[in-house]
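One structure below.
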Amino acid sequence: MRRFLLRRVLLALPTLLGVTALVFATVALVPGDPLTAFLGPGAPPEARRELTERLGLDQPLPLRYANWLGHALRGDLGVSIAGQRPVRQLLLPALGQTLLLTAAAFLLVLVGGVLLGALGAGRPRGAAGRLSGALGTLAVSAPQYSVALLLVALLAVRWRLLPAGGTHDAFGGGGTADLLRHLVLPAVAAAVVPLGLTARVFRAALGGVLAGDLADALRSRGLSRAAVLRHCVHNAAPALLTIGGLQLAYLLEGVVFVETLFAWPGLGGLLYDALSARDLPVVQGGVLVVAVAFVGVNILVDAAHALIDPRIRSPR
Amino acid sequence: MTHHHPGRTVRPGRTAAGPGRAARPSVGALAAAALLLSTVGCAATGSAAGAGDAASGGRGGTLVIGATGKLPNPDTVIGGAGFEGKRLVSFQIYEGLTRYDLSGTDAPPEITGALAESWTVAADARTWTFALRKGVKFQDGTPFDADAVVFNLDRYLAKGSEFYTDALGAAAKEYAGGIVQYRKTDADHVELVTKDPNGHFPEDLAHVLIASPAAVRATGSAGFARHPVGTGPFAFASQTEGQQIELVANKDYWRGAPRLDKLVIKPLPDVAARTAALRSGGVNWIEYPNPDDIDSLKAEGARIATNSYDHLWYWILDGSKAPWNDPRVRQAANYAVDRKAIAEKLLHGTADPAYQAAPRATFAYDPAGDLYSYDPAKAKQLLAEAGRADGFTTSVTVPTAGSGNLLPVPITEAIQRDLAAVGIKVEIRTTDWSTLIGAEAKGEVALGSDAVAQSTTLFQSEALLPLFIGSKSPFWTGHYSNPKVDQLLGSAAASPDRTARRTDYRSALSQVTQDAPWLFVVNDRNPRALSPKVQGLVQPQSWFLDLTTVWVST
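Chains A and B, in that order, are what the protein sequence lines are.
Going by full-length UniProt numbering, the letters in the first sequence line up with residues 1 to 316, in that order.
Going by full-length UniProt numbering, the letters in the second sequence line up with residues 1 to 554, in that order.
So this is what it looks like as structure tokens:
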């Protein structure tokens with residue numbers, strides 16, 4: 001197991017390197033530059049020239065990348081050009097917020113997906129099964145934007161049950177309860193689509209196992225309904241893990257949009273602003289953090305796979 | 001205002017609230033202002049929500065403002081979130097030697113004393129002596145004096161001084177770049193010398209913000225953004241990264257404590273999220289609601305405050321090549337657009353039609369200068385005279401969003417329809433604001449179009465005007481060049497006499513209107529939506545705001 005993990009981590013390094021190099025080149029090639037936003041329209045051209053030199057923006061691209069990489073490896077992600085503050089100071093709180101939102105949404109996806117899927121697989125032709133199928137399809141096809149707006153319009157604006165955005169009440173809120181209240185709507189909005197997908201995949205996987213030889217063999221030995229279901233769920237678990245891992249990755253990138261709509265101060269908004277301002281150090285740092293999180297999630301999912309299914313552990 | 005300095009004495013301020021008088025506006029003045037608002041203000045110059053309540057003297061409450069951009073860096077001039085950051089954060093925490101007098105609603109603001117009480121300028125219009133206000137303290141209790149001014153100018157201008165940084169130096173250049181000498185003459189006086197004669201220097205200095213030297217020394221320049229201290233009406237309390245900046249009332253503010261207890265600024269760039277935040281009570285004030293929501297917000301009880309400011313939404317036409325190199329063609333376009341429909345229908349009254357180069361809320365605006373109108377027949381006639389009776393095809397680059405750009409694409413589409421009616425076919429090319437303005441700063445047009453759509457605040461400071469209509473601008477200006485305009489701008493800039501400057505600016509902008517290097521479209525009215533509990537807002541004819549009169553009722 002340890003060798004398996006080591007191999008995966010080593011394989012991840014070139015991926016990360018590639019991602020950061022690609023993003024560096026892309027952002028540098030996109031027109032627009034960070035100084036216009038920072039200096040204001042009235043800055044004399046010599047101020048622009050001076051700052052360009054000070055920031056090293058006039059150096060060749062590969063050299064700038066090498067410079068950045070060298071600092072990044074030592075944990076120094078540089079200073080935001082637009083905001084003039086250390087990138088790390090901006091990234092860490094945003095990363096925390098994104099992870100919190102992702103985790104909350106993922107919890108909803110797993111619990112909801114498994115329950116809905118099991119309901120459908122257990123009684124495929126009953127009312128519950130049909131309902132599960134319908135809900136799953138609805139969730140998958142619901143446009144996230146409309147769902148989010150609908151949630152806000154009804155629950156936040158019309159009925160005022162939950163806040164419309166942010167992480168705490170600006171009129172003197174704070175504390176865990178306040179945070180959780182603010183977490184509900186964005187987490188639900190982010191979870192809807194992946195929940196539907198997870199439910200459908202799990203339902204199909206579990207349905208397949210339940211209709212297969214294993215379930216027949218278990219039943220013929222006189223096991224109870226619940227015991228049969230338990231064994232079958234175990235066998236359907238790898239499928240759940242695969243789809244779950246995919247959905248977690250999807251959530252990590254997908255919450256960008258939910259973050260915007262709900263004014264959730266995560267990486268999404270930070271990256272969006274930084275991209276608009278061509279604030280390269282922030283973009284680079286943000287992408288690195290997202291890439292590391294993404295790769296990390298993949299490794300974890302693979303490791304979980306390997307735990308459940310011994311066949312995966314051996315490379316042959 | 002009697003000073004024994006040589007040279008001409010320039011009296012800052014214009015009314016009873018001028019510097020040197022009672023620092024706090026009296027109840028009588030407020031009542032008079034309220035009366036003025038209820039008669040003239042609302043009818044002619046628009047709404048100042050709840051201004052009538054100011055006289056009843058409520059106070060307290062927390063104002064939570066949903067801003068359209070991200071949070072600025074609260075270290076003095078760095079900002080980094082454009083003029084909105086300055087309006088809501090920097091100008092609340094800090095002051096310069098001067099400030100905009102934002103207490104009126106019926107005329108563009110004038111410059112008045114802030115940390116300086118008065119000033120004199122030598123005959124060369126370069127050497128300025130500022131008499132500093134006595135008894136002012138920074139929010140950390142440090143007394144303000146001439147040493148503080150010199151300390152801050154060192155921080156901005158003196159490379160190699162202890163607290164200078166490249167970023168501060170670069171950011172300060174916009175307004176302080178012309179200062180070549182500065183010194184303390186005694187504890188209450190400083191002398192500043194500019195490189196060139198600069199008649200609008202006092203206005204420039206409103207943007208050169210003064211921080212507490214003790215606070216800077218305590219944190220160093222790098223750490224100051226986390227503990228910023230100025231002399232403004234609100235003191236920094238905390239910043240939650242990406243979420244909010246919290247300010248509290250500066251009870252010892254020299255103009256009198258602001259009415260509010262607390263001021264919170266939240267970045268809500270998504271207009272749907274911003275509006276939902278107001279509707280759900282998460283904030284009680286939002287900047288720039290979507291014009292389409294104005295009617296429903298009003299119906300729900302929100303107050304919409306608007307007033308003119310020095311804003312112009314326009315196209316810059318490339319005068320260096322066909323089709324726009326013929327002034328008759330440019331004038332034709334200016335007669336072809338139904339600005340009233342754009343202002344009233346598309347923008348729901350949150351903007352006014354612009355028929356000339358000078359925005360209506362500037363001291364250079366002359367109603368008689370409204371040259372253009374909606375006259376498609378005249379447009380066709382001008383096109384025919386220019387030998388383009390059959391029309392032509394052209395292109396424009398439009399930003400998809402951006403500070404002050406209103407609804408850039410829908411407005412451009414409306415213009416596209418109007419121009420098509422006189423035979424001008426426009427291809428619209430969209431890009432993001434950063435790309436567009438980045439290209440302009442290099443003297444280029446993003447996507448290589450014949451025109452660029454954008455907006456600007458022309459007189460936000462006079463220092464910026466030559467950038468837009470001067471022939472030596474480093475910016476892309478559509479290659480506009482008129483020696484007469486250059487000469488007028490030059491003579492205006494050199495004159496400390498405001499009336500003389502006004503005459504020059506009027507002539508210059510009247511010339512620009514005739515030359516039509518731009519397609520003039522609308523002047524924004526700076527709309528904001530307020531919860532009915534927000535009281536006492538006086539919305540000036542300015543991008544900036546004095547929030548000391550505002551309070552929130554319970």
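The beta carbon of each residue, even a glycine, is placed where N, CA and C say it ideally should be.
Look at glutamine 356 of chain B here: in three-state DSSP terms it is coil, with no helix or strand label.
The DSSP assignment places complete alpha helix (DSSP H) segments of no fewer than 4 residues inside the stretch 82-128 of chain B at 82-85, in order along the chain.
Distance from the CA of threonine 513 of chain B to the CA of glutamine 356 of chain B, rounded to the nearest whole angstrom, comes to 5 Å.
Residues of the stretch 162-190 of chain A that bring their beta carbon within less than 9 Å of a beta carbon in chain B comprise Leu162, Pro163, Ala164, Gly165, Gly166, Thr167, His168, Asp169, Ala170, Phe171, Gly172, in sequence order. Look at arginine 54 of chain A: its C-beta is under 9 Å from a C-beta on chain B. A direct Cα-Cα distance of roughly 41 Å separates glycine 175 of chain A from leucine 11 of chain A.
Counting only Cβ-Cβ distances below 9 Å, asparagine 73 of chain B has contacts in chain A at Ser80, Ala82, Gly83, Gln84, Arg85, in chain order. At least one CB of chain A lies nearer than 9 Å to the CB of alanine 167 of chain B. CA-to-CA, the gap between glycine 96 of chain B and alanine 171 of chain B works out to about 15 Å. Counting the other CB atoms within 10 Å of its CB gives alanine 66 of chain A a total below 16, which places it among the exposed residues.
The residue from B:Val77, B:Trp518, B:Pro527 with its alpha-carbon nearest to that of serine 320 of chain B is B:Trp518.
CA-CA distance, proline 31 of chain A to histidine 479 of chain B, rounds to 21 Å.
Within the stretch 158-207 of chain B, the runs of alpha helix (DSSP H) that reach at least 4 residues and sit entirely inside it are, in chain order, 166-176, 201-205. The shortest CA-to-CA distance from glutamate 300 of chain B to any of A:Ile308, A:Arg158, A:Ala303 is the one to A:Arg158. Taking a cut-off of 8 Å on C-beta distances, the stretch 481-489 of chain B touches the stretch 461-470 of chain B, as three or more cross pairs fall below it. Chain order gives no chain B residues near leucine 229 of chain A, where near means a beta carbon separation below 7 Å; the closest approach is about 43 Å. Sequence-ordered contacts of the stretch 473-505 of chain B with chain A read Pro474, Phe475 [C-beta pairs closer than 9 Å].
Note that the stretch 408-420 of chain B touches the stretch 334-353 of chain B; at least 3 beta-carbon pairs, one per stretch, sit closer than 8 Å.
Uninterrupted alpha helix (DSSP H) stretches at least 4 residues long and entirely within the stretch 147-232 of chain A occur at 175-211, 213-220, given in chain order. A Cβ of chain B is located within less than 9 Å of the beta carbon of phenylalanine 262 of chain A.
Boundaries cannot be given for alanine 225 of chain B, as no alpha helix (DSSP H) includes it and DSSP labels it neither H nor E. Chain B has a Cβ within less than 9 Å of the Cβ of threonine 36 of chain A. With a cut-off of 8 Å on Cβ pairs, the stretch 78-90 of chain A is not in contact with the stretch 231-246 of chain A, counting fewer than three such pairs.
Any Cβ of chain B closer than 9 Å to the Cβ of glycine 32 of chain A would place that residue at the interface, and such an atom is present. The Cβ of glycine 285 of chain A sits no closer than 9 Å to any Cβ of chain B. The C-alpha of phenylalanine 459 of chain B is placed about 33 Å away from the C-alpha of glutamate 241 of chain B.
Assigned with DSSP and collapsed to three states, asparagine 73 of chain B falls in strand.
Counted as a single uninterrupted DSSP element, the stretch harbouring proline 399 of chain B is not any alpha helix (DSSP H) but the beta strand (DSSP E) occupying residues 392-399. Beta-bridge partners assigned by DSSP to serine 455 of chain B: B:Trp313. By the C-beta criterion, the stretch 248-257 of chain A is judged to be in contact with the stretch 97-107 of chain A, since at least 3 inter-stretch pairs fall below 8 Å.
For valine 283 of chain A, the closest C-alpha among the options A:Val19, A:Arg3, A:Leu197, A:Arg219 is that of A:Val19.
Remark: fewer than three beta-carbon pairs, one from each stretch, lie closer than 8 Å, so the stretch 221-231 of chain A and the stretch 155-174 of chain A are not flagged as touching. When Cβ-Cβ separations below 9 Å define contact, glutamine 97 of chain A makes contact with chain B. Here the C-alpha atom of valine 521 of chain B lies approximately 8 Å from the C-alpha atom of valine 337 of chain B. Within 7 Å of the CB of valine 264 of chain B, the CB atoms of chain A belong to Ala170, in sequence order along the chain. Interface annotation, glycine 281 of chain B: in contact with chain A, CB-CB separation under 9 Å.
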